[in-house]
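K.L.:
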Amino acid sequence: MTATEPREGRIPDPIDLDAAEEARLRTAAGIAPAVATAAGAEYAGFEMVGIPDRPPQTERERELFTVDEGEMLVNMGPQHPSTHGVMRLLLKVRSEVVTDLDVVLGYLHRGIEKLCENATYTTVLTYVDPMDYLSSMHNEHAPALAFEKLYGIEAPPRAQYIRALVVELNRVFSHGLMMGFLALDMGGITPILYGFINRDEIVEMLASISGQRMLFNFFRVGGVNWDVNDEFLSRLGTWHSKQLRSIRDNEALLTENEIFRARTQKMGIISREQAIQLGVTGPNLRASGVPFDVRKAHPYAPYAELEFDVITQQAGDVYARYIQRIDELKQSMHLIEQIMDKMPHGPVQAQVPGIIRPRPGRAYAAIESPRGLYSVYAISDGGPNPYRFRMRDPSLISLQVMPTLMPGHLIADTMAIMASLDPVMGGVDK
Amino acid sequence: MRLLTERFADAAPTLWTDEDTVEITIPGAGAADALRTLRDDPELDFWMLADAAAVDYGPTERFEVVYHLYSDRHPAWLRVRATVSRADPRLPTITQLWSGAGFHEREMFDMMGIVFEGNRDLRRLYMSPDYRSFPQRKDFLLPDDAADSPAAGVNPLERPETWDLTRFAALGPLNPLADAGAPTDASAVVADPAGEQPEPSPVGAGQTDASRSRPR
């Protein structure tokens, strides 16, 4: 039985066409003829709907859509609540066990790189905000560094410290939310509420310095938009005094929880070699035991002057990635204390013209975002907008692990494993 | 730096550095071998692929696939620029070195139309499978932001080379494209082989609503 033939005994759908008419329309529209569904298309009374009505385009796609007896394709998303945005997972399952998986992207693609190539250097920093919307400050940081390198200027020391302060605050709420989402995807509703309470305090704080709650638009080429103000400092003081205790409280909900540990330990293990091979970066890489952190490897200002550790875990499973986030949170708190102690006085913005025209050249700037290595490669041709603006988003590469990681796990664990990789679709789809 | 000049004697004149990047330019066909040397040579030891991106240097120029590599042993990022001809954009894949390059290569294929030979999964990543353009090429112009470009006002999905111009041939002096100097014979039309051309819309008999498909 082909996918398009009306089934015997079923009321024909008005959309079902007779075969000749369909073939004619397909030829007219230039679409290939429908392919017959593979064996095992009908299983336990379900009709196979996942197979596209075109020949497979690649070897991998053929492999994916070859369904053996007893296997079936299950579509997850793009509107699944646990997919952290609009993304589709195509699971090939044998009863409850996932045997293969494909990640289908593009539902949130806005072409930000192309937009940025048509914007001036100053306005690029507003376009990149909605990319990875849980780390907007980091999104602005890398382009700002790249453009400064292109233009041959450096932000004043105070601006560099303010930058480090806001990106560390951003990292704190991003990691806090990841812990919440991980629990939420496994059915625990409480931690996400604490995560959002914490996030709200931080975004209010950042709003008092930048004027916006989510898409901050705070960085400028050659500095930051505003100096710290009294409201920001008082909010920061209040938040900081209770933050360490609230991390401990949130952690107490999950870390020692019997069910949480049973569902996360020895689950979704990425080995050290696999992690390097697959290009995973950030907390996910460090949870597999590779001590790579851009802040240490290629320190950008002012991280060379600050003291912090690159923490690693050895297990590489979901639980290790969770513990890794908590440890990094504590490191961020340590960094924030140092930044507040060491912050110099002075201007927060270097002198730059309204329309920046760097000399022709190329610049690469990488930063450590909460999800890993976030880098920008910018090319200038001497004009007012970047000739090429390329962003490498870590979430995209983290997601690529899924087809390697998932086979052998249960459907219910898909969400836990995905949440532990912490992808943000705004960044994945650019 | 010294190691690079030893290992890549041909490419030595293209070495270039800035404050934290070393750059080397190689022909695209040798990219995979060069990257294998860079990764496996114990003295070079660039174990991490930080980025892989494509750059379009304009319709008359070339493509470049730019790899950024990281190593603990060296204080700088290494940038490998592999040049690819624009007429025949083909390059060996590096998924056998870093399987993490798979999504990068799919993105480059999707956005620039560069074909990576040997990649098992070279599908479009973001755009739908039946999409036919390569949006990040420089000759793909945005209608609104490129207001001062020659293509201002042209809907990029309705590119002139895909129009069925034969339908205007019967119009004679009313032909909207005659004064623009555009070719009116069907042989000049670069059409897709699959023929995704719109049917002429049934406006009144003998009349064609020329304002619909005309550049504003």
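Protein chains in written order, with the working numbering: chain A, 350 to 779; chain B, 43 to 258.
The beta carbon of each residue, even a glycine, is placed where N, CA and C say it ideally should be.
Quick caveat, the model's predicted, so the values are computed rather than measured.
1. With a threshold of 8 Å between beta carbons, is A/I728 in contact with chain D?
2. Once DSSP output is grouped into helix, strand and coil, what is the label at B/T59?
3. Over what stretch of residues does the alpha helix (DSSP H) that includes A/N547 continue unbroken?
4. For the candidate residues B/Y168, B/F176, B/S175 and B/A76, whose alpha-carbon lies nearest to that of B/R121?
5. Give the residues of chain A in contact with B/Q178, contact being defined as C-beta atoms less than 7 Å apart.
6. Answer with yes or no whether the minimum CB distance from A/I746 to chain B is below 8 Å.
7. Report yes if the C-beta distance between B/A92 and B/V107 is below 8 Å; otherwise report no.
8. State the beta-bridge partners of A/S710 as determined by DSSP.
9. With a threshold of 8 Å between beta-carbons, can B/A228 be considered close to chain A, or not?
10. Expressed to the nearest angstrom, what Euclidean distance is found between the alpha-carbon atoms of A/A761 and A/L457?
11. Given a limit of 8 Å on CB to CB distance, which residues of the segment 55-87 of chain B reach chain A?
12. So A/Q614 contacts chain B; which residues on that side make the cut at Cβ distance below 9 Å?
13. Which same chain residues end up closer than 6 Å to B/A188 when comparing Cβ atoms and leaving out the 5 residues on each side of it in sequence?
14. Does B/V108 get closer than 8 Å to chain A when you measure Cβ to Cβ?
15. Taking the beta strand (DSSP E) that B/E159 belongs to, which residues open and close that run?
16. Compare the Cα-Cα distances from A/F609 to each of A/R621, A/D534, A/Q662 and A/V629 and report the closest residue.
17. Can you name, in chain order, every residue of its own chain whose Cβ lies under 6 Å from the Cβ of A/I619, other than the five neighbours on each side?
18. Relative to the alpha-carbon of A/T407, which residue among B/E159, B/Y168 and B/M169 has its alpha-carbon at the smallest distance?
19. Closest to A/G571 by C-alpha separation, out of A/A699, A/V435, A/G776 and A/A650, would be which residue?
20. I'd like to check one pair, A/R512 with A/V573: are the Cβ atoms closer than 8 Å?
21. State the Cα-Cα distance for the pair A/T661 and B/A124, rounded to the nearest angstrom.
22. Nearest-angstrom Cα distance between A/Y726 and A/P772?
23. Which residues in the same chain have their Cβ closer than 8 Å to the Cβ of A/R739, if we skip the five residues on either side of it in sequence?
24. Along chain A, which residues have their Cβ under 9 Å away from the Cβ of B/M150?
25. Beta-carbon of B/M90 versus every beta-carbon of chain A: anything under 8 Å?
26. Would you kindly report the start and end of the unbroken alpha helix (DSSP H) that includes A/R411?
27. Where A/D778 and A/N488 are concerned, what is the direct C-alpha to C-alpha distance, given to the nearest angstrom?
28. Sort A/S595, A/L413, A/R594 and A/A768 by Cα distance to A/A669 and report the nearest one.
29. If we count Cβ pairs, one from each stretch, closer than 8 Å, do we get three or more for the segment 441-460 of chain A versus the segment 166-179 of chain B?
30. In terms of DSSP beta bridges, what is B/M90 paired with?
31. In whole angstroms, what separates the C-alpha of A/D626 from that of A/G695?
32. Please state the DSSP three-state secondary structure of B/M150.
33. Quickly, what does DSSP pair B/L120 with across the bridge? List them, please.
34. Which stretch, first to last residue, makes up the beta strand (DSSP E) that contains A/R741?
35. Can you tell me where the alpha helix (DSSP H) holding A/N488 begins and where it ends?
36. So, for A/R443: in the same chain, excluding its five sequence neighbours on each side, which residues have a beta-carbon less than 7 Å away from its beta-carbon?
P.N.:
Per the coordinate set shown:
1. Reference to chain D is not applicable here, since the protein chains of this structure are A and B.
2. Within the second sequence, residue 59 of chain B is the residue found at index 17, counting from 1. Strand, per DSSP.
3. Here the question's residue 547 of chain A lines up with position 198 in the first sequence. Element bounds for A/N547: T539 to S559.
4. Here residue 121 of chain B is taken as the residue at index 79 of the second sequence, counted from 1. For the residues B/Y168, B/F176, B/S175 and B/A76, the minimum Cα distance to B/R121 belongs to B/A76.
5. Working through the second sequence from its first residue, we reach residue 178 of chain B at position 136. Going along chain A in sequence order, the residues near B/Q178 (Cβ under 7 Å) are E462 and K463.
6. Here residue 746 of chain A refers to the residue found at position 397 of the first sequence. Yes, A/I746 counts as interfacial toward chain B.
7. Residue numbering aside, residue 92 of chain B sits at position 50 when the second sequence is read from its first letter. Residue numbering aside, residue 107 of chain B sits at position 65 when the second sequence is read from its first letter. Going by beta carbons, B/A92 and B/V107 fall outside the 8 Å limit.
8. Within the first sequence, the letter at position 361 stands for residue 710 of chain A. Per the sequence shown, residue 710 of chain A should be read as Gly rather than Ser. Bridge partners of A/G710: A/S729.
9. Your numbering for residue 228 of chain B matches position 186 in the second sequence. Bear in mind that a pLDDT of 40 at B/A228, under 50, signals an unreliable position, so the number given afterwards is only what the model happens to contain. Cβ-Cβ to chain A under 8 Å: no for B/A228.
10. Along the first sequence, read from residue 1 onward, the residue named residue 761 of chain A stands at position 412. Along the first sequence, read from residue 1 onward, the residue named residue 457 of chain A stands at position 108. Between A/A761 and A/L457, the C-alpha separation is close to 25 Å.
11. D60, E61, D62, T63 and E65
12. Your numbering for residue 614 of chain A matches position 265 in the first sequence. Near A/Q614 there are no residues of chain B at all, since even the closest Cβ is about 25 Å away, more than 9 Å.
13. Taking the first residue of the second sequence as 1, we reach residue 188 of chain B at position 146. In this predicted model, B/A188 has a pLDDT of only 49, less than 50, meaning its place in the structure is not dependable enough to derive any value.
14. As a working note, residue 108 of chain B is residue 66 in the second sequence. Chain A, which has a Cβ nearer than 8 Å to the Cβ of B/V108, makes this yes.
15. The residue given as residue 159 of chain B occupies position 117 in the second sequence. Taken as a continuous stretch (DSSP letters only), the beta strand (DSSP E) holding B/E159 covers V157 to E159.
16. Working through the first sequence from its first residue, we reach residue 609 of chain A at position 260. Comparing Cα-Cα distances from A/F609 to each of A/R621, A/D534, A/Q662 and A/V629, the minimum goes to A/D534.
17. As a first step, residue 619 of chain A must be located in the first sequence, where it is residue number 270. Around A/I619: S637 and G665.
18. Taking the first residue of the first sequence as position 1, residue 407 of chain A is located at position 58. Comparing Cα positions, the closest option is B/E159.
19. Stepping through the first sequence from its first residue, residue 571 of chain A is reached at position 222. That would be A/A699, whose Cα lies nearest to the Cα of A/G571.
20. Mapped onto the first sequence, residue 573 of chain A falls at position 224. Mapped onto the first sequence, residue 512 of chain A falls at position 163. Contact flag set, yes.
21. For the purposes of this step, residue 661 of chain A is taken as the residue at position 312 of the first sequence. For the purposes of this step, residue 124 of chain B is taken as the residue at position 82 of the second sequence. Each residue's alpha carbon lies about 35 Å from the other.
22. Counted from its first residue, the first sequence places residue 726 of chain A at position 377. Counted from its first residue, the first sequence places residue 772 of chain A at position 423. The straight-line gap from Cα to Cα measures roughly 22 Å.
23. As a working note, residue 739 of chain A is residue 390 in the first sequence. Closer than 8 Å at Cβ, skipping near neighbours: E462, V725, Y726 and A727.
24. Position 108 of the second sequence, counting from 1, holds the residue named residue 150 of chain B. The contact set of B/M150 on chain A, defined by CB atoms closer than 9 Å, is empty, because the minimum CB distance reaches about 10 Å.
25. Along the second sequence, read from residue 1 onward, the residue named residue 90 of chain B stands at position 48. Chain A, which has a Cβ nearer than 8 Å to the Cβ of B/M90, makes this yes.
26. Here the question's residue 411 of chain A lines up with position 62 in the first sequence. Segment E408 to F414, the alpha helix (DSSP H) holding A/R411.
27. Within the first sequence, residue 778 of chain A is the residue found at index 429, counting from 1. Within the first sequence, residue 488 of chain A is the residue found at index 139, counting from 1. Whole-angstrom Cα-Cα distance: 14 Å.
28. Start at 1 with the first residue of the first sequence, and residue 669 of chain A comes out as number 320. The option with the nearest alpha carbon to A/A669 is A/A768.
29. Under the 8 Å Cβ criterion, the segment 441-460 of chain A counts as touching the segment 166-179 of chain B, having at least three qualifying pairs.
30. As a first step, residue 90 of chain B must be located in the second sequence, where it is residue number 48. B/Y112.
31. Mapped onto the first sequence, residue 626 of chain A falls at position 277. Mapped onto the first sequence, residue 695 of chain A falls at position 346. A small correction: the amino acid at residue 626 of chain A is Gln; Asp does not occupy that position in the sequence shown. Approximately 45 Å, taken between the alpha carbons.
32. Counting from one through the second sequence, the residue named residue 150 of chain B turns up at place 108. It is helical.
33. Position 78 of the second sequence holds residue 120 of chain B. Answer is B/V64 and B/L111.
34. Position 392 of the first sequence, counted from the first residue, corresponds to residue 741 of chain A. Segment R737 to R741, the beta strand (DSSP E) holding A/R741.
35. The residue labelled residue 488 of chain A in the question sits at position 139 within the first sequence. Per DSSP, A/N488 belongs to the alpha helix (DSSP H) from S485 to Y500.
36. Within the first sequence, the letter at position 94 stands for residue 443 of chain A. Hits under 7 Å: G419 and E420.
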